[in-house]
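Per the UniProt record's numbering, the very first residue in the sequence shown carries number 1; after that it's consecutive. Quick reminder that beta carbons are idealized off the backbone N, C-alpha and C, glycines included. In this text the structure is predicted, and so the values were computed from the model without any measurement.
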Amino acid sequence: MYFPRYWRNHNLFYILVAIEFPITVIILTFTGIASHDLYRSKLWQDGADNGFNSAPDEVLYAAANYRSFKVPMVWGSFITDYNLVLGVLSTFFMITKVPVHVLRIFYPPLSVFVHAALFALYIPAAVYQGGSDTSDPKHPQRGPPWYITKKCSVASNPDNVAYCNQAKALFAFTIIIIVLYFVELVVSIHSCFITAEERAEREERREEKRTMKEYEDLVLKSPTMFPMSAAAYADTMQGAQTAPMTTTPRSLAFNRVGTDSSDLPPSRTF
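The following block contains the structure:
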């Protein structure tokens, strides 16, 4: 069974991560600033003052008249908390997958799972940020909120202009990171499929391993068929040198011939 372990292009992966890093940090920053309802209710009230959407006071009016009122998703606290959790989660995966990829264990199937999950989680974030508000029949908002579709200069309160720009930027970077995750998902899926050339190289490596295995088995089964190694030859020669020598008459005669000349009788000079 084939399991893809290698990436087609490692440099492309690092380029995508380099692009993802600042975007993720920006999203984490904006979601952290927007947490605890820093400007969500203010933008809701500002839109009501301009007649763009419903007013936050309708929650109190509905409760006083014993009527149920469902807060539009775009103005609810859920989307604020959801964006914050998603920003932390995407930052964690970005920091984790870089060293895991360097260690060569961030396999393409794992990358497909991670980026598909992030892609699926960010789509509701973009949908909720650009959700409609039809809770007030007199001031229906059938498209995205006013801070996305209009210029921030239309805010009735000048203090909300900066908040409008932050909300607009968060929505824009959410769309950008969705596109980026989709590209990373496509690249990961592409690396999961093997080409004809890669299949041929894989078969060649497998054949080389099979040949080496057969050769090793042959060496282990028939060691005398192959020349003696240098280490074995050295051990044999050392054993021959340390073996005791037997003394024979012929060897004794040769030893006497090889002695010093002082042991021989003096020659007669003429």
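For the options L218, C192, V17, F173, the alpha carbon positioned closest to that of H101 is the one of V17. Here D46 carries a helix assignment [DSSP, helix/strand/coil]. In this model, H139 and G131 are separated by some 15 angstroms (Cα to Cα). Within the DSSP bridge table, the entry for Q141 names D133 as partners.
Spanning the alpha carbons of A55 and Y66 requires a straight line of approximately 18 angstroms. Around the C-beta of I194, fewer than 16 other C-beta atoms lie within 10 Å, and the residue is accordingly described as exposed. In chain order, K97, V100 place their CB closer than 7 angstroms to the CB of F106, counting only its own chain and leaving out the 5 sequence neighbours on each side. Listed in chain order, the non-local C-beta contacts of W75 below 6 angstroms within the same chain comprise W44, local neighbours out to five positions each way being set aside. Taking a contact as a CB-CB distance under 8 angstroms, the pair P145 and N53 counts as one, their CB atoms being some 7 angstroms apart. With a cutoff of 9 angstroms on beta-carbon distance, T174 and Y122 are scored as near each other.
Here DSSP, grouped into helix, strand and coil, assigns D81 to helix.
Assigned with DSSP and collapsed to three states, I189 falls in helix.
By the beta-carbon neighbour count (other beta carbons within 10 angstroms, threshold 16), R40 is buried. In the DSSP assignment, A62 falls within the unbroken alpha helix (DSSP H) covering 58 to 64. Taking 9 angstroms as the cut-off, the Cβ atoms of C164 and A155 count as close. Between A126 and I178 a beta carbon distance of about 6 angstroms is seen, short of the 8 angstroms cut, so the two are scored as contacting. Going by beta carbons, Y181 and H115 fall inside the 9 angstroms limit.
Excluding five sequence positions before and after C192, the CB atoms of its chain that fall closer than 8 angstroms to its own CB belong to P4, P108, P109, V112, given in chain order. I23 is the residue among G143, K209, S222, I23 whose C-alpha sits nearest the C-alpha of I95. The Cβ atoms of A34 and L84 sit closer than 9 angstroms to each other. For the 9 angstroms CB-CB criterion, I27 and G87 form a contact.
In the structure shown, G51 adopts coil according to DSSP, grouped into three states.
The continuous alpha helix (DSSP H) containing P22 extends over residues 10 to 34. Membership of W146 in the alpha helix (DSSP H) is indicated by the continuous run 146 to 149. Straight across, the Cα-Cα distance linking F30 with Y61 is about 32 angstroms.
Within the same chain, Cβ atoms closer than 7 angstroms to the Cβ of L185 are found at V112, H115, A116, F119, the five residues on either side in sequence being excluded. For a cut-off of 8 angstroms, the C-beta gap from V187 to L38 is around 36 angstroms, too long to register as a contact.
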